[in-house]
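Student: Quick one: the structure is below, and I'll ask about it shortly.
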Amino acid sequence: MKLCRYGRSGYEKPGVIDAEGRLRDLSKVIANIGPNELAPRGLKMLSKVKPESLTVVNGNPRLGVPYVGIGKFVAIGLNYSDHAKESNMPIPTEPVVFMKATTCISGPYDDIVQPKGSTKLDWEAELGIVIGSKAQYVSEDKALEHVAGYCVVNDVSERAFQMQSSQWDKGKGCDTFGPIGPWLVTTDEITDPQTLDMWLDVNGKRMQTGNTRTMIFGAAHLVSYVSRYMTLLPGDIITTGTPPGVGHGMKPPQYLKVGDVLTLGIKGLGEQRQKVVAYAG
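Below, the structure is given as structure tokens:
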């Protein structure tokens, strides 16, 4: 299933995308899409819903983050060898783990706000793994059994902030630096997360082209690895690194400016679109 939430920010309703790509209203079935709905029992219940029996949502409503209740936003750095090289960083021998603040989360079409003092605003198209059941010390061969589904993530980054110390969090956690969606696609539709084409354009120019098969550490390995150091709960998300083509790695570097428009997507998971705007506070 392709699950989503639609409507004005803070007032979103649950929805589902049908086989013809139309948005259908789920609000008469569930109040929202959250950790309970992502757990095995909730997904089993949702799998019995026939989208064609639901009301079509007319117009072009805003799509928000596809589910609520993200307790942890875990991120993996330098997980594509070509991206590590363009960043002048050694290829990791084990996953590089950091956290993105949950206050950075935004909808897939919401604006990216350039923060105060930002001079090196950058992009990163990534695959997000959404946890569906508690994962603690899980083996790699069982890890994907704990996954509810997958989604597109833009790991927006302010490189000047990021590179000021060895801790990346402050360059990754600014408001609007975590667009998620447009859909959460359940694992019955994405049986192999290591075969997905991905891309990102800036102002219509292709900047990133990749495929998840070139990850250094695949989805199953990442879920297993992270579960050794923190218990993963339903609703937690792991964003898995980006392929080459970020602005910071170009010669000379290219960074986002106010007015730029990003479009990014992953095959089967939908497409995001964001405009960069200035901080207005």
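What the sequence shown shows, in our numbering, is residues 60 to 340, in sequence order.
Every residue, glycine too, gets a C-beta built ideally from N, C-alpha and C.
Which one or two residues does DSSP pair with C63 in a beta bridge?
Tutor: As a working mapping, residue 63 is identified with position 4 in the sequence shown. Partner(s): G74.
Student: Verify whether the separation of the beta carbon atoms of L292 and G66 is less than 7 Å.
Tutor: Position 233 of the sequence shown, counted from the start, is the residue given in the question as residue 292. Position 7 of the sequence shown, counted from the start, is the residue given in the question as residue 66. Contact flag unset, no.
Student: Since V124 and G166 are thought to touch, with beta carbons under 8 Å apart, how far apart are those beta carbons, to the nearest angstrom?
Tutor: To locate residue 124, count along the sequence shown from 1; it is residue 65. To locate residue 166, count along the sequence shown from 1; it is residue 107. About 6 Å; that satisfies the 8 Å criterion.
Student: Considering only DSSP beta bridges, list what P238 is partnered with.
Tutor: Position 179 of the sequence shown, counting from 1, holds the residue named residue 238. Note: P238 sits in a beta bridge opposite S165.
Student: Is Q221 helix, strand or coil when you go by DSSP?
Tutor: Reading the sequence shown from its first residue, position 162 is the one you call residue 221. DSSP places Q221 in helix when its eight states are reduced to three.
Student: State the DSSP-derived secondary structure class of K131, mapped to helix, strand or coil.
Tutor: Your numbering for residue 131 matches position 72 in the sequence shown. Coil.
Student: What's the gap between the Cα of E71 and the Cα of P120?
Tutor: The residue labelled residue 71 in the question sits at position 12 within the sequence shown. The residue labelled residue 120 in the question sits at position 61 within the sequence shown. Their Cα atoms are separated by approximately 10 Å.
Student: Work out the CA separation of L62 and Y168 for me, nearest whole Å.
Tutor: Here residue 168 refers to the residue found at position 109 of the sequence shown. Here residue 62 refers to the residue found at position 3 of the sequence shown. Using only the alpha carbons, I get a separation of about 16 Å.
Student: Do you know how far the Cα of P73 is from the Cα of I89?
Tutor: Taking the sequence shown and counting its residues from 1, the one referred to as residue 89 is at position 30. Taking the sequence shown and counting its residues from 1, the one referred to as residue 73 is at position 14. Cα to Cα, the separation comes out at about 7 Å.
Student: Among residues of its own chain, excluding the 5 on either side of Q195, which ones have a beta-carbon nearer than 7 Å to its beta-carbon?
Tutor: On the sequence shown, residue 195 is found 136 positions in, with the first residue counted as 1. Cβ neighbours of Q195 beyond the five flanking positions: S286, T290.
Student: Could you say which of F236, S192, K229, G230 lies nearest to V212 if we only look at CA atoms?
Tutor: Taking the sequence shown and counting its residues from 1, the one referred to as residue 212 is at position 153. Of F236, S192, K229, G230, the residue nearest in Cα terms is F236.
Student: Determine the direct distance from the alpha carbon of E248 to that of P241, and round the result to whole angstroms.
Tutor: As a first step, residue 241 must be located in the sequence shown, where it is residue number 182. As a first step, residue 248 must be located in the sequence shown, where it is residue number 189. Rounded to the nearest angstrom, the two C-alpha atoms are 15 Å apart.
Student: Mind listing, in chain order, the continuous beta strand (DSSP E) runs of no fewer than 3 residues lying wholly within the region 270–302?
Tutor: List check, beta strand (DSSP E) in window: 296–298.
Student: Rounded to the nearest angstrom, what separates Q226 and E185 at their Cα positions?
Tutor: Sequence index remark: in the sequence shown, residue 226 carries index 167 (1-based). Sequence index remark: in the sequence shown, residue 185 carries index 126 (1-based). If you take the alpha carbons of Q226 and E185, they lie about 20 Å apart.
Student: Smallest Cα separation from I150: which of A160, F157, L137?
Tutor: Numbered from its first residue, the sequence shown carries residue 150 at position 91. The residue with the shortest Cα to Cα distance from I150 is L137.
Student: Roughly how many angstroms separate the alpha carbons of D84 and I76, rounded to a whole number?
Tutor: Here residue 84 is taken as the residue at index 25 of the sequence shown, counted from 1. Here residue 76 is taken as the residue at index 17 of the sequence shown, counted from 1. If I take the Cα positions, the gap works out to 9 Å.
Student: If I'm right that F132 touches M158 with Cβ under 8 Å, what's the distance once you round it to whole angstroms?
Tutor: On the sequence shown, residue 132 is found 73 positions in, with the first residue counted as 1. On the sequence shown, residue 158 is found 99 positions in, with the first residue counted as 1. F132 to M158, Cβ: 6 Å. Contact.
Student: Below 7 Å between beta carbons: does that hold for I164 and M257?
Tutor: To locate residue 164, count along the sequence shown from 1; it is residue 105. To locate residue 257, count along the sequence shown from 1; it is residue 198. No, Cβ-Cβ distance for I164 and M257 is not below 7 Å.
Student: If you check the beta carbons only, do L97 and A207 fall under 7 Å apart?
Tutor: Your numbering for residue 97 matches position 38 in the sequence shown. Your numbering for residue 207 matches position 148 in the sequence shown. Yes, they are a contact pair.
Student: Just to confirm, is the Cβ distance from S140 to I275 under 7 Å?
Tutor: Stepping through the sequence shown from its first residue, residue 140 is reached at position 81. Stepping through the sequence shown from its first residue, residue 275 is reached at position 216. Closer than 7 Å, so yes.
Student: Work out the CA separation of A279 and K201 for me, nearest whole Å.
Tutor: To locate residue 201, count along the sequence shown from 1; it is residue 142. To locate residue 279, count along the sequence shown from 1; it is residue 220. Answer to the nearest angstrom: the Cα atoms are 8 Å apart.
Student: Could you pull the DSSP bridge partners for K264 from this structure?
Tutor: In the sequence shown, the residue the question calls residue 264 occupies position 205. Paired residues: V261.
Student: So Q333 packs on D170, CB below 8 Å; how close in whole Å?
Tutor: Position 274 of the sequence shown, counted from the start, is the residue given in the question as residue 333. Position 111 of the sequence shown, counted from the start, is the residue given in the question as residue 170. That belief holds up - the Cβ atoms of Q333 and D170 are roughly 6 Å apart, short of 8 Å.
Student: Measuring straight from C-alpha to C-alpha, what distance separates K316 and D295?
Tutor: For the purposes of this step, residue 316 is identified with residue 257 of the sequence shown, where counting begins at 1. For the purposes of this step, residue 295 is identified with residue 236 of the sequence shown, where counting begins at 1. For K316 and D295, the distance between alpha carbons rounds to 31 Å.
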